[in-house]
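K.L.:
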Amino acid sequence: MAHEHKLAIFRGTLKFKSNIAKIWGVFVFLSIVTIIEVALGIIKPEFLTETRFLAMKLLNWVFIILTLVKAYYITWDFMHMRDEKSGLRRAVVWTGVFLICYLILILLIEGDYIFEVYKNNFIKFDF
Amino acid sequence: MDTTVAKTGTEGKTWGGGNRPLNASYGKLMMWFFIVSDALTFSGFIAAYGFSRFKFIDAWPIADEVFTHVPFLHGVPAPMYYVAFMTFILIFSSVTMVLAVDAGHKMQQRKVIWYMFFTIIGGAIFVGSQAWEWATFIKGDYGAVETKGGKILQFLDTDGNRVALAEFSEKLPTTRDIHVEQNGVWYEAEPTVTTYSYEEVKAGFLANENLLVRTQYYDDNGEPTVLTREESVAKILNDGKLVVEGANLRHNEYGHPLFADFFFFITGFHGFHVLTGVLINIIIFFNVVIGTYERRGSYEMVEKVGLYWHFVDLVWVFVFTFFYLV
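If you read the protein sequences in the order shown, they are chains A and B. According to my numbering, the stretch in the first sequence is residues 200 to 326, in order. According to my numbering, the stretch in the second sequence is residues 405 to 730, in order.
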């Protein structure tokens, strides 16, 4: 079981001396990201809730991107994806990414369409 | 036997057998298969949640107003803090799990035992917190009135503070016949009896001039619409139908019932994963204690259950974002 671990994160800018040091480093990073998320969720800064990008509040984009960052580090360092062969990495990640993006895209468009039907057409939910 | 087995000439080559595809053992690869399919299941649920939310985008409950409770802090509105705590517990139990895997690679039995133990404790705290969260959500806090169309009306005073039903409802003298099997169709059950009947809430509302009704629809500022006193009275008199306290699969005092449905289903399914994760962790824990993997010479089972445990953590990261933050 002589595993060798890749000990650098952030594209090699941060190198750890041992695997245990890397685990704690990733934990600190994940905690910081979570604290930022919670703080933003409580404060809800005006400039982030006012501005919209692609029909969604900027704040929600920040949340989703931070979530994906967290997901990356959990998979790569806690689930040891960083040490696996690139073939395994791609098989897992791309299968998920393609299917999930497709599903989300199609369901959200459909949901928005039904919302418009309720809002602008004769079917009303107003009692 | 040697003479009957045809040599293919591929021994030692990639497809000749004895090789490990993708350099991962059979068990680990199968765990990855399971994780990918389970990830697709969860994303199906979360995408369905997104669909329903987009369908009722102008009337979806705000999570900040729903999950405001922290144990032992009664009546102190503290949105997010408890879920944040739960998130930390789960991330931390992931850390102890990965430390257990690391100790396993180095064949340090005692360390694996301790780290597995902390992981199990973390998982148990998380499941317990989720049970508490469910109980609080089911119990509800302010109470509301549901209209004939299934929409929720909540009560505010003129300063914009929420008012609980108990604060203004009048106690009316009522007699209630309890439905028993011998008096009618046996399979017809009584509807749930709420603390206050609709008539009592209505009488109390009409008697208190400073009460207003808030609908679940958002106004232009993205806040739920507050009606004027005249509109509120008209709404209660014309449309009101029943009292809702707390949330269940049919009624939800916080807003759209689908919100409660998805909350119960997705966090329930995730909580079930955590529960099974804790159980599998306990099994592996005892295997480590009795030295099974020490004799086997490999702690790979710890690594495999670790993969599952991190996956549970990973799903929670997404559930946290889409239920509590976005």
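All C-beta atoms in this analysis are idealised placements derived from N, C-alpha and C, irrespective of residue type, glycine included. Since the structure is predicted, the reported quantities are computational estimates derived from the model, not experimental observations.
Need the endpoints of the beta strand (DSSP E) that A/ARG289 sits in, please.
P.N.:
Position 90 of the first sequence holds residue 289 of chain A. Careful: A/ARG289 lies outside any beta strand (DSSP E), inside the alpha helix (DSSP H) at 285-319.
K.L.:
Given 8 angstroms as the limit, is there contact between the segment 587-598 of chain B and the segment 621-638 of chain B, that is, 3 or more CB pairs closer than that?
P.N.:
Touching, no.
K.L.:
Within the same chain, show all residues whose beta-carbon is closer than 8 angstroms to that of B/ARG618, passing over the 5 residues directly before and after it, in chain order.
P.N.:
The residue labelled residue 618 of chain B in the question sits at position 214 within the second sequence. Excluding sequence neighbours, B/ARG618 sits near LEU557, GLN558, PHE559, LEU560, PRO628, THR629, VAL630 and LEU631.
K.L.:
Which residues in the same chain have their Cβ closer than 7 angstroms to the Cβ of B/PHE496, if we skip the five residues on either side of it in sequence?
P.N.:
Here residue 496 of chain B is taken as the residue at index 92 of the second sequence, counted from 1. Once the five neighbours on either side are set aside, the close Cβ partners of B/PHE496 are GLY526.
K.L.:
Unbroken alpha helix (DSSP H) runs of length 4 or more, entirely within the segment 202-273 of chain A: which are they?
P.N.:
Qualifying alpha helix (DSSP H) stretches, in chain order: 218-242, 245-249 and 257-272.
K.L.:
Below 9 angstroms on C-beta distance, what does B/ILE688 contact in chain A?
P.N.:
The residue given as residue 688 of chain B occupies position 284 in the second sequence. Under the 9 angstroms cutoff, chain A gives no residues; its nearest Cβ is about 16 angstroms from B/ILE688.
K.L.:
Locate the beta strand (DSSP E) running through B/GLU571, then write down its first and last residues.
P.N.:
The residue labelled residue 571 of chain B in the question sits at position 167 within the second sequence. Element bounds for B/GLU571: not the beta strand (DSSP E) but the alpha helix (DSSP H), 569-572.
K.L.:
I want to verify the contact list: residues of chain A whose CB lies under 8 angstroms from the CB of B/LYS708, in sequence order.
P.N.:
The residue you call residue 708 of chain B lines up with position 304 of the second sequence. The premise fails here: B/LYS708 is roughly 11 angstroms from chain A at the closest Cβ pair, so nothing lies under 8 angstroms.
K.L.:
Mind checking if A/ASN319 is an interface residue toward chain B, Cβ cutoff 8 angstroms exclusive?
P.N.:
Within the first sequence, numbered from 1, the residue matching residue 319 of chain A stands at position 120. It does not: the Cβ of A/ASN319 has no partner Cβ on chain B nearer than 8 angstroms.
K.L.:
Pairing CB atoms from the segment 698-707 of chain B with CB atoms from the segment 241-257 of chain A, are three or more of them under 8 angstroms?
P.N.:
No, the segment 698-707 of chain B is not in contact with the segment 241-257 of chain A.
K.L.:
With DSSP as the reference, identify every bridge partner of B/ASP561, one or two as the case may be.
P.N.:
The residue you call residue 561 of chain B lines up with position 157 of the second sequence. B/ASP561 pairs with B/LEU615.
K.L.:
In the DSSP assignment, find the unbroken beta strand (DSSP E) run with B/LYS645 in it and report its ends.
P.N.:
Taking the first residue of the second sequence as 1, we reach residue 645 of chain B at position 241. Segment 644-648, the beta strand (DSSP E) holding B/LYS645.
K.L.:
In or out: B/SER447 buried (at least 16 other Cβ within 10 Å) or exposed?
P.N.:
Here the question's residue 447 of chain B lines up with position 43 in the second sequence. B/SER447 comes out buried.
K.L.:
Please list, in chain order, all residues of the same chain as B/ILE542 whose beta carbon is under 7 angstroms from its beta carbon, the five residues on each side excluded.
P.N.:
On the second sequence, position 138 is the one that residue 542 of chain B refers to. Counting only Cβ-Cβ distances below 7 angstroms, and skipping sequence neighbours, we find GLY650, ALA651 and ASN652.
K.L.:
Tell me whether the beta-carbon of B/THR523 lies closer than 8 angstroms to the beta-carbon of B/MET501.
P.N.:
Position 119 of the second sequence, counted from the first residue, corresponds to residue 523 of chain B. Position 97 of the second sequence, counted from the first residue, corresponds to residue 501 of chain B. For B/THR523 and B/MET501, yes; Cβs fall inside 8 angstroms.
K.L.:
Using a beta-carbon distance cut-off of less than 7 angstroms, what residues from the segment 423-443 of chain B approach chain A?
P.N.:
So the close ones are LEU426, ASN427, ALA428, TRP436, VAL440 and ALA443.
K.L.:
Comparing C-alpha positions only, which one of B/TRP536, B/GLY564 and B/THR578 sits nearest to B/PHE476?
P.N.:
Within the second sequence, the letter at position 72 stands for residue 476 of chain B. Here the closest residue by C-alpha is B/TRP536.
K.L.:
Cβ of B/PHE471 less than 8 angstroms from any chain A Cβ?
P.N.:
What you label residue 471 of chain B is simply residue 67 of the second sequence in a count that begins at 1. So, not an interface residue.
K.L.:
Excluding the 5 residues flanking B/GLY554 on each side, which residues of the same chain have their C-beta closer than 8 angstroms to its C-beta?
P.N.:
Taking the first residue of the second sequence as 1, we reach residue 554 of chain B at position 150. So the list reads PRO661, once near-sequence residues are dropped.
K.L.:
Is the beta carbon of B/ILE450 less than 8 angstroms from the beta carbon of B/PHE663?
P.N.:
Working through the second sequence from its first residue, we reach residue 450 of chain B at position 46. Working through the second sequence from its first residue, we reach residue 663 of chain B at position 259. Their beta carbons are not under 8 angstroms apart, which means B/ILE450 does not touch B/PHE663 by this criterion.
K.L.:
Using a Cβ cut-off of 8 angstroms (strictly closer), state whether A/GLU245 contacts chain B.
P.N.:
Working through the first sequence from its first residue, we reach residue 245 of chain A at position 46. Not one chain B Cβ lies under 8 angstroms of A/GLU245.
K.L.:
Considering only C-alpha positions, which residue in the set A/VAL237, A/LEU247 and A/ARG288 is nearest to B/ALA467?
P.N.:
As a position in the second sequence, residue 467 of chain B is number 63, starting the count at 1. Closest option to B/ALA467, Cα to Cα, is A/VAL237.
K.L.:
Please indicate yes or no: does the CB of B/ALA467 lie closer than 7 angstroms to some heavy atom of the ligand ATP?
P.N.:
Looking for the ligand ATP in the displayed structure turns up nothing, as the structure carries no ligands at all.
K.L.:
Taking the alpha carbon of B/LYS432 as the point to measure from, which residue in A/TYR317, A/LEU304 and A/VAL291 has its own alpha carbon closest?
P.N.:
As a working mapping, residue 432 of chain B is identified with position 28 in the second sequence. Of the listed residues, the one whose Cα sits closest to B/LYS432 is A/VAL291.
K.L.:
Does the beta carbon of B/PHE722 come closer than 8 angstroms to any beta carbon on chain A?
P.N.:
Walking along the second sequence from the start, residue 722 of chain B turns up at place 318. By this cut-off, B/PHE722 is an interface position.
K.L.:
Which stretch, first to last residue, makes up the beta strand (DSSP E) that contains B/VAL549?
P.N.:
One-based indexing of the second sequence puts residue 549 of chain B at position 145. Note, B/VAL549: beta strand (DSSP E), 548-551.
K.L.:
Can you give me the Cβ contacts of B/VAL693 inside the same chain, cut-off strictly under 7 angstroms, excluding the 5 residues immediately before and after it?
P.N.:
Taking the second sequence and counting its residues from 1, the one referred to as residue 693 of chain B is at position 289. Closer than 7 angstroms at Cβ, skipping near neighbours: ILE517.
K.L.:
According to DSSP, is B/THR579 part of a helix, a strand, or is it coil?
P.N.:
Taking the second sequence and counting its residues from 1, the one referred to as residue 579 of chain B is at position 175. Looking at B/THR579 - three-state DSSP - the assignment turns out to be coil, as it is neither helix nor strand.
K.L.:
Counting contacts by CB-CB distance shorter than 8 angstroms, is B/ALA664 in contact with chain A?
P.N.:
Taking the second sequence and counting its residues from 1, one reaches residue 664 of chain B at position 260. Not an interface residue.
K.L.:
So for B/ILE556, helix, strand or coil by DSSP?
P.N.:
Counted from its first residue, the second sequence places residue 556 of chain B at position 152. Strand at B/ILE556.
K.L.:
Measuring alpha carbon to alpha carbon, tell me which of B/GLU604, B/ASP442, B/ILE640 and B/ARG580 ends up nearest B/GLU550.
P.N.:
Here residue 550 of chain B refers to the residue found at position 146 when the second sequence is read from its first residue. Nearest C-alpha to B/GLU550: B/ILE640.
K.L.:
Got a sec: is the Cβ-Cβ distance from A/GLY240 to anything in chain B below 8 angstroms?
P.N.:
Residue mapping note: residue 240 of chain A aligns to position 41 of the first sequence, counting from 1. Yes, its Cβ sits closer than 8 angstroms to a Cβ of chain B.
K.L.:
Secondary structure at B/TYR712, three-state DSSP: helix, strand or coil?
P.N.:
Taking the first residue of the second sequence as position 1, residue 712 of chain B is located at position 308. If DSSP states are grouped into helix, strand and coil, B/TYR712 belongs with the helices.
K.L.:
Taking Cβ-Cβ distances below 9 angstroms as the criterion, which residues of the segment 570-591 of chain B are in contact with chain A?
P.N.:
Result list empty, no residue passes.
K.L.:
Assign B/ASP506 to buried or exposed, taking buried as 16 or more other Cβ atoms, counted over all protein chains shown, within 10 Å of its Cβ.
P.N.:
Start at 1 with the first residue of the second sequence, and residue 506 of chain B comes out as number 102. Buried: at least 16 other Cβ atoms inside 10 Å.
K.L.:
Does the structure place the segment 222-233 of chain A close enough to the segment 261-277 of chain A that three or more beta carbon pairs sit under 8 angstroms?
P.N.:
Yes, the segment 261-277 of chain A touches the segment 222-233 of chain A.
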